[in-house]
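Per my numbering, residue 15 is the first one in the sequence shown, and the count goes up by one each step. Heads up, the beta-carbon is just placed ideally off N, CA and C, and yes, glycines get one too. Computed from a prediction, not measured in an experiment: that's the story for all the values here. Report on the structure given below.
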Amino acid sequence: MKKFLDLLLGTSDVPTYMAALLFALIGVAIVLLLKSKKRDKNSPNTPYHFDVWFLIQDNLKEIILGLLLILMALRFSMEYAGENLTMYYAFGVGLSLQKVSSWISNVELKARQ
């Protein structure tokens, strides 16, 4: 089981990886909350008052894609970016990869039109 965890998490131990994931998710939450400030309150497609469940449901595909990208970026931080897994790196990954995920979702929506 130890070898499996080493392969799954890389050189990081489980507590470090989980803490990094938490900081990355904080970055994701910040991006989503900032994005929600741009919504049209008067649109019939969105609630007038802020609703966290609507935010999650409306961005679910983007959130899942962002989470998968974050998991890969944390796991391969040394191989991909040459960085040890730190909380600062994880927070930056959360902020930036959620933006990448949003961009990918927008490209996909435009391609379907």
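C-beta contact flag for residue i and residue j at 9 Å
i       : j      : result
Val-28  : Leu-21 : no
Leu-35  : Ile-84 : yes
Ala-128 : Ala-95 : In this structure the chain extends from 15 to 127, so residue 128 is not present and cannot be described.
Leu-123 : Thr-30 : no
Leu-46  : Leu-82 : no
Per-residue DSSP class, three states only, for residue i
i      : result
Asp-72 : helix
Tyr-11 : Past the edges of the chain, shown from 15 to 127, lies residue 11, and the structure says nothing about it.
Glu-97 : coil
Rounded Cβ spacing between residue i and residue j (contact assumed at less than 8 Å)
i       : j      : result
Leu-39  : Arg-89 : So it is not a contact: roughly 15 Å between Cβ atoms.
Gly-80  : Val-42 : 6 Å
Ser-119 : Lys-52 : At roughly 15 Å, the Cβ-Cβ gap does not stay under 8 Å, so Ser-119 and Lys-52 are not in contact.
Quick check for students: name the residue ranges of the beta strand (DSSP E) that lie wholly in the segment 29-55, counting only runs of 3 or more. Segments of the beta strand (DSSP E) lying fully in the segment 29-55: there are none.
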